[in-house]
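Only one structure is covered here, and it is reproduced in the block below.
In UniProt numbering, the protein residues as written are 1 to 143.
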């Protein structure tokens with residue numbers, strides 16, 4: 001189902017571009033800034049907010065991480081997604097960017113990542129194929 005035209009674009013790439021601009025403008029940058037700027041320059045234009053996202057866009061949370069999920073402890077209570085102030089149209093893989101990056105750098109235990117990814121796929125999540133390697137879809141947003 002196409003999104004209504006009134007849905008604004010998801011702001012993830014734009015927010016990342018603002019953060020990188022702040023790094024670029026530092027008067028006395030830390031030595032770690034240069035590799036960040038190099039990695040930023042290697043990303044495709046859409047991930048830097050300089051071009052439209054490729055492929056179909058979906059409704060994206062825009063700032064998803066596992067802390068955005070809450071649940072009443074009562075048995076059978078549903079999980080709820082909170083903090084939707086960055087909601088907008090964008091590539092669905094962007095919503096998996098943070099947990100994918102956490103997994104890639106070892107901050108998210110492999111068992112937790114695989115449980116999350118399995119549940120996401122079982123629910124029909126559009127960001128990754130239903131089976132196989134998810135990284136072709138997740139690599140750029142996770143970086």
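Ideal Cβ positions, reconstructed from N, Cα and C, are used throughout, including at glycine.
query: Do the stretch 68 to 78 and the stretch 27 to 35 touch if we need at least three Cβ pairs shorter than 8 Å?; result: no
query: Using 8 Å as the Cβ pair cut-off and three pairs as the minimum, do the stretch 105 to 123 and the stretch 73 to 91 touch?; result: no
query: Could you check whether the stretch 15 to 26 touches the stretch 102 to 109, counting it as contact only if at least three pairs of C-beta atoms, one from each stretch, sit closer than 8 Å?; result: no
query: With a threshold of 16 other CB atoms inside 10 Å of the CB of residue 95, please say whether the residue is buried or exposed.; result: buried
query: For residue 81, write down the residues that DSSP places opposite it in a beta bridge.; result: 69
query: By Cβ distance below 7 Å, which residues in the same chain neighbour residue 45 in space, the five residues on each side in sequence not counted?; result: 51
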